[in-house]
Amino acid sequence: MNKPFSPASTYDVLRQHGIDRRDFLQFCITTAAAMGLDAAMVPQVVSAMETKPRIPVIWLHGLECTCCSESFIRSSHPIAQDIVLNMISLDYDDTLQAAAGFQVEEIRQKLIKEHPGGYLLAVEGNAPTADGGVYCTVGGNTFLNVLMETAEHAKAIIAWGSCASNGCVQAARPNPTGAKPIHELISGKPIINVPGCPPIAEVMTGVLTYILTFDELPELDRIGRPKMFYGQRIHDKCYRRAFFDAGQFVEAWDDEGARKGWCLYKMGCRGPTTYNSCSNMKWNGGVSFPIGSGHGCIGCSEANFWDNGPFYQRLSSVVVPGIEATPDKIGAVLGVATAIGVGAHLTATVAHRLSRKPITDKDQPTADKTEQE
Amino acid sequence: MANVVRLFDPKQLEGHPEKFFRQAYIWELPVRLTHWVTGISIIVLFLTGLYIGHPILAPAGEPANHFVMGRVREVHFAAALIFIVSFLFRIYWFWVGNNYARSGFPYIWRAAWWREVVGEVIEYLKLRRGRAYLGHNALGGASYTFFIVLLGWFEIFTGLALYSEVNPGGPLDRLFGWVIPLIGGSYKTHMYHHLVAWAFPVFVLMHVYVVLYDAVTLGNGLVGSMISGHKFYQREDVQDDK
Numbered sequence: 004m005n006k007p008f009s010p011a012s013t014y015d016v017l018r019q020h021g022i023d024r025r026d027f028l029q030f031c032i033t034t035a036a037a038m039g040l041d042a043a044m045v046p047q048v049v050s051a052m053e054t055k056p057r058i059p060v061i062w063l064h065g066l067e068c069t070c071c072s073e074s075f076i077r078s079s080h081p082i083a084q085d086i087v088l089n090m091i092s093l094d095y096d097d098t099l100q101a102a103a104g105f106q107v108e109e110i111r112q113k114l115i116k117e118h119p120g121g122y123l124l125a126v127e128g129n130a131p132t133a134d135g136g137v138y139c140t141v142g143g144n145t146f147l148n149v150l151m152e153t154a155e156h157a158k159a160i161i162a163w164g165s166c167a168s169n170g171c172v173q174a175a176r177p178n179p180t181g182a183k184p185i186h187e188l189i190s191g192k193p194i195i196n197v198p199g200c201p202p203i204a205e206v207m208t209g210v211l212t213y214i215l216t217f218d219e220l221p222e223l224d225r226i227g228r229p230k231m232f233y234g235q236r237i238h239d240k241c242y243r244r245a246f247f248d249a250g251q252f253v254e255a256w257d258d259e260g261a262r263k264g265w266c267l268y269k270m271g272c273r274g275p276t277t278y279n280s281c282s283n284m285k286w287n288g289g290v291s292f293p294i295g296s297g298h299g300c301i302g303c304s305e306a307n308f309w310d311n312g313p314f315y316q317r318l319s320s321v322v323v324p325g326i327e328a329t330p331d332k333i334g335a336v337l338g339v340a341t342a343i344g345v346g347a348h349l350t351a352t353v354a355h356r357l358s359r360k361p362i363t364d365k366d367q368p369t370a371d372k373t374e375q376e
Numbered sequence: 048m049a050n051v052v053r054l055f056d057p058k059q060l061e062g063h064p065e066k067f068f069r070q071a072y073i074w075e076l077p078v079r080l081t082h083w084v085t086g087i088s089i090i091v092l093f094l095t096g097l098y099i100g101h102p103i104l105a106p107a108g109e110p111a112n113h114f115v116m117g118r119v120r121e122v123h124f125a126a127a128l129i130f131i132v133s134f135l136f137r138i139y140w141f142w143v144g145n146n147y148a149r150s151g152f153p154y155i156w157r158a159a160w161w162r163e164v165v166g167e168v169i170e171y172l173k174l175r176r177g178r179a180y181l182g183h184n185a186l187g188g189a190s191y192t193f194f195i196v197l198l199g200w201f202e203i204f205t206g207l208a209l210y211s212e213v214n215p216g217g218p219l220d221r222l223f224g225w226v227i228p229l230i231g232g233s234y235k236t237h238m239y240h241h242l243v244a245w246a247f248p249v250f251v252l253m254h255v256y257v258v259l260y261d262a263v264t265l266g267n268g269l270v271g272s273m274i275s276g277h278k279f280y281q282r283e284d285v286q287d288d289k
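First to last, the sequence lines map onto chains A and B. If you count by this note's numbering, then the first sequence holds residues 4 to 376, one letter each, in order. If you count by this note's numbering, then the second sequence holds residues 48 to 289, one letter each, in order.
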């Protein structure tokens with residue numbers, strides 16, 4: 004790989020692959036539609052693809068399971084092949100690339116040197132920080148070092164998946180390796196969080212396409228997620244929402260409601276507390292999504308979803324040091340304790356009243372002149 | 048016996064002018080009104096909130112014919128907005144109302160206030176009559192401040208943040224959406240909103256009991272005063288009133 008970075012535009016590369024202009028325009032329209040853009044924006048997409056050189060991308064893998072990559076390569080609109088081969092210049096991805104060992108690390112160093120501030124850093128997984136970061140090492144170097152070194156000269160950082168954007172399973176209590184999401188480790192760089200375990204493939208490619216087309220990050224919400232994909236809760240776009248409003252809930256996995264496809268709220272579905280596109284974009288090219296298959300959402304794109312208790316319980320345990328009980332249990336205990344206290348006070352008062360001596364002379368007011376108001 | 052319960056006994060009045068009852072206008076209309084509106088809306092909010100957490104009714108048939116959960120949520124939201132309006136109006140009246148509208152303010156930085164609170168706790172535990180006040184006493188004020196004002200603000204902020212989720216980017220979201228990431232996500236916000244709600248039945252139990260207890264032991268028409276605004280007092284009581 005002598006030329007890891009190609010200044011050619013997407014259009015140039017497509018032409019080299021024998022794709023004619025008609026197909027290219029069709030590709031641009033499809034891409035624009037996938038990003039939810041208006042038809043009037045298509046010329047902008049076309050012009051970006053024609054003129055802008057492809058962005059070099061370094062894709063790092065830290066503490067993670069590679070499910071994000073697995074999801075990404077199954078993208079159908081636009082297909083990952085288009086993105087990987089044509090739109091970006093994926094110059095470093097230790098999972099996907101053919102080269103291995105020192106060669107690979109050399110490429111990374113070379114990219115950083117040749118394009119300071121010009122490459123995108125995509126991070127899959129996060130970095131353990133405990134004990135100097137020794138719990139994840141790549142090529143003899145801690146991932147923490149690799150990440151910091153690569154991030155320093157990156158143009159922007161994409162935090163792929165829940166690991167990179169909010170910690171996920173390795174950061175769940177008690178987090179023995181001190182794993183931290185990217186935004187807690189790096190500051191002063193634009194970071195886009197694309198949570199999900201994994202994120203939806205089309206969301207991943209959609210985010211990349213947006214950055215390539217407009218040369219800027221898409222509009223982000225308060226916690227750095229692209230609004231176009233994480234703007235609404237699964238619940239608000241769920242096809243079972245009508246059952247929720249009607250009050251028709253599945254009570255057991257084999258009951259009549261489950262057969263009729265009623266709302267899974269009482270089975271612990273996290274749809275009402277989870278921001279993602281599952282209920283409208285769905286998975287595997289729009290085939291289905293968890294709720295569509297009769298299983299509640301587990302809220303995998305929400306921060307600390309592993310610590311939010313059993314997946315099949317609506318409101319799970321409150322994690323206060325020393326206490327682990329559902330809010331209703333705590334409330335019932337407090338309520339009963341108060342009732343007992345009130346009852347005890349009342350009983351004591353009545354008992355005192357019944358047993359008290361007649362008013363003594365000392366208590367009895369002595370006769371004096373009276374006053375009328 | 049020193050610890051006898053000094054329930055109101057008309058015989059004690061004989062020949063004691065300082066023990067004669069007088070009448071005073073204590074609670075102005077806005078105070079009484081917000082009190083009852085707050086109380087009723089809290090009861091409605093708690094019950095509908097419990098239902099939203101545990102929807103037990105299961106109507107049969109097509110969902111298009113039912114709106115049970117939706118209606119309960121509607122009532123919850125409406126009661127919440129009524130509670131908020133009443134809450135804010137009461138805060139306004141704290142500043143512009145008479146002195147009794149401000150009574151019971153917790154001066155937690157003053158040692159005298161703490162002595163007063165501890166003294167009142169001891170008096171209640173010893174089943175004494177305690178000192179009578181025209182307005183709120185320090186202990187009552189402390190409990191209202193903690194349960195209604197402090198936890199009330201918590202429920203208002205978390206509640207409006209959760210309510211704003213249905214309209215992302217809308218005005219409520221812009222005003223209160225920051226609460227959700229602060230607490231650690233929508234799920235945790237739901238959970239703490241639900242947990243803190245339990246403080247309100249705890250408060251109502253204590254509040255109603257202590258009010259009835261005081262009304263009986265002080266004999267000052269406390270319960271009636273929350274409707275008429277007028278309270279009775281003995282001249283000796285007023286010496287202690289702030």
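Idealized CB from N, CA, C, for every residue including glycine.
Return the CA-CA distance between A/Lys38 and B/Ala189, expressed in angstroms with no decimal places. Against the first sequence, residue 38 of chain A aligns to sequence position 35. Against the second sequence, residue 189 of chain B aligns to sequence position 142. Reading off the sequence, residue 38 of chain A comes out as Met, not Lys. Rounded to whole angstroms, A/Met38 to B/Ala189 spans 55 Å at the Cα level.
Taking contact to mean at least 3 C-beta pairs separated by less than 8 Å, is the stretch 239–247 of chain B in contact with the stretch 282–290 of chain A? no
So which of A/Phe246, A/Glu222, A/His64, A/Val336 has the shortest CA-CA distance to A/Gly142? Within the first sequence, numbered from 1, the residue matching residue 142 of chain A stands at position 139. Looking at the Cα atoms, A/His64 is the closest of the given residues.
Which two residues bound the contiguous beta strand (DSSP E) that contains A/Tyr315? Numbered from 1 along the first sequence, position 312 holds the residue referred to as residue 315 of chain A. Element bounds for A/Tyr315: n/a, residue is neither H nor E.
Taking A/Gln112 as part of the alpha helix (DSSP H), name the residues at either end of that continuous run. As a first step, residue 112 of chain A must be located in the first sequence, where it is residue number 109. Per DSSP, A/Gln112 belongs to the alpha helix (DSSP H) from 105–117.
Give me the chain A residues within the contact set of B/Leu224, using Cβ-Cβ distance strictly less than 8 Å, ordered along the chain. As a first step, residue 224 of chain B is located in the second sequence; it is residue number 177 there, counting from the start. It should be noted that the sequence gives Gly, not Leu, for residue 224 of chain B. Arg225, listed in chain order.
How many angstroms separate the CA atom of B/Gln281 from the CA atom of B/Tyr180? As a first step, residue 281 of chain B must be located in the second sequence, where it is residue number 234. As a first step, residue 180 of chain B must be located in the second sequence, where it is residue number 133. If you take the alpha carbons of B/Gln281 and B/Tyr180, they lie about 10 Å apart.
Rounded straight-line distance, which links the Cα of B/Ile73 to that of B/Tyr139: To locate residue 139 of chain B, count along the second sequence from 1; it is residue 92. To locate residue 73 of chain B, count along the second sequence from 1; it is residue 26. When rounded, the distance between both Cα atoms is 17 Å.
Nearest CA to the CA of A/Leu114: which residue from A/Glu155, A/Arg77, A/Gly334? Position 111 of the first sequence holds residue 114 of chain A. With distances taken between Cα atoms, A/Leu114 lies closest to A/Glu155.
Could you check the C-alpha separation between B/Gly268 and B/Phe279 for me, to the nearest Å? Your numbering for residue 268 of chain B matches position 221 in the second sequence. Your numbering for residue 279 of chain B matches position 232 in the second sequence. Going from the Cα of B/Gly268 to the Cα of B/Phe279 covers about 6 Å.
Would you mind working out which of A/Glu53, A/Gly274, A/Ser92 sits nearest A/Asp15, comparing C-alpha positions? Locating residue 15 of chain A in the first sequence gives position 12, where the first residue counts as 1. Nearest of A/Glu53, A/Gly274, A/Ser92 to A/Asp15, Cα basis: A/Glu53.
To test your reading of the DSSP string, which unbroken alpha helix (DSSP H) runs of 4 or more residues are found completely within the stretch 128–190 of chain A? 146–155, 164–169, 185–188
Which ranges does the alpha helix (DSSP H) cover as unbroken runs of at least 4 residues, wholly within the stretch 208–264 of chain B, from first to last along the chain? 218–223, 226–230, 233–244
Determine whether the beta carbon atoms of A/Ser168 and A/Gly121 lie at a separation below 9 Å. As a position in the first sequence, residue 168 of chain A is number 165, starting the count at 1. As a position in the first sequence, residue 121 of chain A is number 118, starting the count at 1. Contact flag unset, no.
Is A/Ile203 closer than 9 Å to A/Met284 when the C-beta atoms are compared? As a position in the first sequence, residue 284 of chain A is number 281, starting the count at 1. As a position in the first sequence, residue 203 of chain A is number 200, starting the count at 1. Taking 9 Å as the Cβ cut-off, A/Met284 and A/Ile203 qualify as a contacting pair.
Using Cβ-Cβ distances below 8 Å, what residues of the stretch 289–316 of chain A are close to chain B? Gly302, Glu305, Ala306, Asn307, Phe308, Asn311
Chain B within 9 Å of A/Gly334, Cβ atoms only: To locate residue 334 of chain A, count along the first sequence from 1; it is residue 331. Interface residue, yes.
In the DSSP assignment, what are the bridge partners of A/Leu123? Residue numbering aside, residue 123 of chain A sits at position 120 when the first sequence is read from its first letter. A/Leu123 pairs with A/Val60, A/Ala159.
CB-CB length for A/Val60 against A/Ile91, believed under 8 Å: Here residue 60 of chain A corresponds to residue number 57 of the first sequence, with the count starting at 1. Here residue 91 of chain A corresponds to residue number 88 of the first sequence, with the count starting at 1. So it is a contact: roughly 5 Å between Cβ atoms.
Could you tell me whether any Cβ in chain A is nearer than 9 Å to the Cβ of B/Glu212? Taking the second sequence and counting its residues from 1, the one referred to as residue 212 of chain B is at position 165. Yes, B/Glu212 counts as interfacial toward chain A.
For A/Tyr95 and A/Tyr315, I'd like the C-alpha separation in whole angstroms. In the first sequence, counting from the first residue as 1, residue 95 of chain A sits at position 92. In the first sequence, counting from the first residue as 1, residue 315 of chain A sits at position 312. Each residue's alpha carbon lies about 40 Å from the other.
Take A/Lys230 and list the residues in its own chain whose beta-carbon comes closer than 8 Å to its own, dropping the five residues that flank it on each side. Taking the first residue of the first sequence as 1, we reach residue 230 of chain A at position 227. Closer than 8 Å at the Cβ level, and outside the excluded window around A/Lys230, lie Pro221, Glu222, Leu223, Asp224.
Same chain, Cβ closer than 7 Å to A/Met4, five either side skipped, listed in chain order: The sequence position of residue 4 of chain A within the first sequence is 1, counting from 1. Unreliable positioning characterises A/Met4 in this predicted model, as indicated by a pLDDT of 40, which lies under 50. A coordinate reading is not provided.
Using three-state DSSP, classify A/Val16 as helix, strand or coil. What you label residue 16 of chain A is simply residue 13 of the first sequence in a count that begins at 1. Helix.
Give me the Cβ distance between A/Pro293 and A/Gly299, rounded to the nearest whole Å; I'm assuming they're in contact under 8 Å. For the purposes of this step, residue 293 of chain A is identified with residue 290 of the first sequence, where counting begins at 1. For the purposes of this step, residue 299 of chain A is identified with residue 296 of the first sequence, where counting begins at 1. About 7 Å; that satisfies the 8 Å criterion.
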